[in-house]
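A short worksheet on the structure shown next.
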Amino acid sequence: MVSPIRFSGLVSGLDTDSMVKELMKAQRAPLNKMLQKKQLETWKRDAYREMNALLLDFRLNTVSDMRLQGPYLKKKLVSDNEGAASIKQVGMPNLPTYKVTVNTLATEAEPARMDTTTTVAAADSAKNLSTAGLSGSFELTVNGTKITINDTDSMESAVKKINEQTSKTGVAATFFNGKLIFSSTSAGENAKIKLEYTNDDNAKVFGLFDSGVTAGDPATKEAQGQKSIDGSVTINGVTTAISSNKFTFDGIEFELKKAESFTVNSMQDDEAIFKSIKGFIDKYNEVIDKINKKISEPRYKDYQPLLEEEKSALDEKQIEKWEEKAKSGVLLRDSVLSSALTEMRQIFSTVVAGMGDENFDTLSDIGISTAKADAKFSYANYMEKGKLYIDEEKLRKAIRENGTQVMDLFTKNPAETTTDKDQMLRETGIAKRLYNSLTGMMSKITDIAGSSSMGDISDSYSMGRQMKTLTKNISTLELRMKNMEERYYRQFTAMEQAMSKANSQSSWLAQQFSSGR
């Protein structure tokens, strides 16, 4: 809508635009407060979502794995003949030893191949074939598809013509070091290459001239692929056929290289298990540190969100610095996040019931606690706000000597006979408790702040409903401000018109008095 053009103050000489602006400034104060509140709510919602994304990443990429047995059952595989095969753990090996004899290696299916020695030097692949002796054109039929190569073609363009028909012929060509090499795109006994041409001087250019065929007569060259041949391997006394030299047996991937015997020993990989647990604890510490910082950010009450007219008076750097202060503390002492931290701390500090050994029913028993190993006073860690420390020597010893108990501490399921919910929780391993707890925490935050897939104004979450009401109130107030501004202008216009009329009457009276003298 086009703004009305106003010619104000022409009679009175007053700057009515400035006067209306000043009058509106006071009237707009409630609206400005609403706009600032909306911006603060938007920042708060985004901060909640940022924390939720942090928890989601922790749950999916760390806790999800650590609640399962895999990270605690990592094996170290050692072979006494590394030249015979390469080995890699891909699952959970169940046996301590694997005695392997490779009776015969498998032979994979081979494509059809053919190569010829041309009269074209490697350095001349871009030159016209006429320089190599080609006269006129040469017709080459590849698996039934005719291809015409002219003496104005180069070896490079001739190869390109052959490869342009690969989808029809199933044959690809390349030129390398003076040789023209043909290969079928498929492998096996059904793969074939059949070249048909006239046995003349032009055929010599491509290395296809057949001395056993009369010059000028049709000639044919053929090649066929080879089928795969199964190999045979004996593992712990059981012999089986293998279609590939790369196969998986009982969680171990074997890639055979020689027909020899070797033994693979499978043992617990203490270092890999230690690194998994340490990575889990490090990530937990990182998460709670970020949440603690967010709920401890100072609130700068003197720095309110900038209004548009305030932004226009600042440069980008000034706006950025101001908004950094204005955004700070939007989640200061937030009860939802504070409760989440408390819940996580309790999970890591409470006993796992039903372990069967009181020496291994808390994380502190394996060297993980909120106190440093050399801490003299327990209160020294108060300011760490739940940060966990690892006594590496104690944890390594627990993994080495009591690996199963360490695994159960994190992954244990409650007994099948347990029906009481509280008891089931007490009997659940640390990582499984944490996974379920994180799911609940994220659900609470989503109920409050929604997710990125939800709109800014939505009935699906509480802040969205609040934002909907706030936006509606802002629209109502903006309309009221617009009507008020128009009323002020109408009043000033009426005043100008009255003054203009008074001036006209005054001029008429003066004229009448002047005429009467």
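Residue numbers for the sequence shown follow numbering that gives the first Met the number 0, beginning at 0 and rising by one.
Note that beta-carbon positions come from the ideal geometry of N, C-alpha and C, so glycine has one too.
Asked                                                                                                                   : Found
Residue interval of the alpha helix (DSSP H) (run including Val286)                                                     : Asp269 to Ser295
Beta-carbon proximity of Gly250 to Met91, cut-off 7 Å                                                                   : yes
Proximity test, Leu336 beta-carbon vs the ligand FAD heavy atom, cut-off 6 Å                                            : Only the bare structure without any ligand can be found here, which leaves the ligand FAD out of the picture.
From Lys411, Leu34, Asn412 and Leu207, residue whose alpha carbon lies closest to that of Leu305                        : Leu34
Contact between the segment 73-87 and the segment 253-264 (3+ Cβ pairs under 8 Å)                                       : yes
Simplified DSSP state of Glu426, which is helix, strand or coil                                                         : coil
Counted within 10 angstroms of its Cβ, other Cβ atoms place Ala121 as buried (16 or more) or exposed                    : exposed
Leu111 vs Ser183 beta-carbon contact at 7 Å                                                                             : Correcting the residue type first, residue 111 is Ala in the shown sequence and not Leu. Yes, they are a contact pair.
Asp451 in three-state terms, based on DSSP                                                                              : Note that residue 451 is Ser in the sequence shown, not Asp. DSSP places Ser451 in coil when its eight states are reduced to three.
Contact set for Gly211: own chain, Cβ-Cβ below 8 Å, skip 5 residues either direction                                    : none
Length of the line joining the Cα atoms of Asn31 and Glu315                                                             : 21 Å
DSSP three-state assignment for Thr116, whether helix, strand or coil                                                   : strand
Beta-carbon proximity list for Ser185, same chain, < 8 Å, skipping 5 on both sides                                      : Pro110, Gly169 and Gly224
Thr410 vs Gln68 beta-carbon contact at 7 Å                                                                              : yes
Contact the segment 73-80 vs the segment 473-487: 3+ CB pairs below 8 Å                                                 : no
Sufficient close CB pairs (3 or more, under 8 Å) joining the segment 55-68 to the segment 310-327                       : no
Met441 versus Tyr460, Leu424 and Thr427, residue with shortest Cα-Cα distance                                           : Tyr460
Whether Val232 touches Val89 by CB criterion (7 Å)                                                                      : no
Test item: CB-CB of Leu330 and Ala46 under 7 Å                                                                          : yes
Residues of its chain near Phe376, where Cβ-Cβ distance is below 8 Å and the 5 sequence neighbours each way are ignored : With a pLDDT of only 46 at Phe376, under 50, the local geometry of the prediction cannot be trusted, and no value is derived from it.
Helix, strand or coil at Ile86 according to DSSP, with G and I counted as helix                                         : strand
Own chain partners of Ser457 with C-beta closer than 7 Å, once the 5 adjacent residues on each side are dropped         : Gly449 and Gly463
Three-state class that DSSP yields for Leu305 in the structure shown                                                    : coil
Option nearest Thr213 by Cα separation, candidates Lys220, Glu221 and Asn198                                            : Asn198
Residues that DSSP places opposite Tyr71 in a beta bridge                                                               : None, per the DSSP bridge assignment.
For Glu254: DSSP bridge partner residues                                                                                : Ser85 and Lys245
DSSP-derived helix/strand/coil call for Lys393                                                                          : helix
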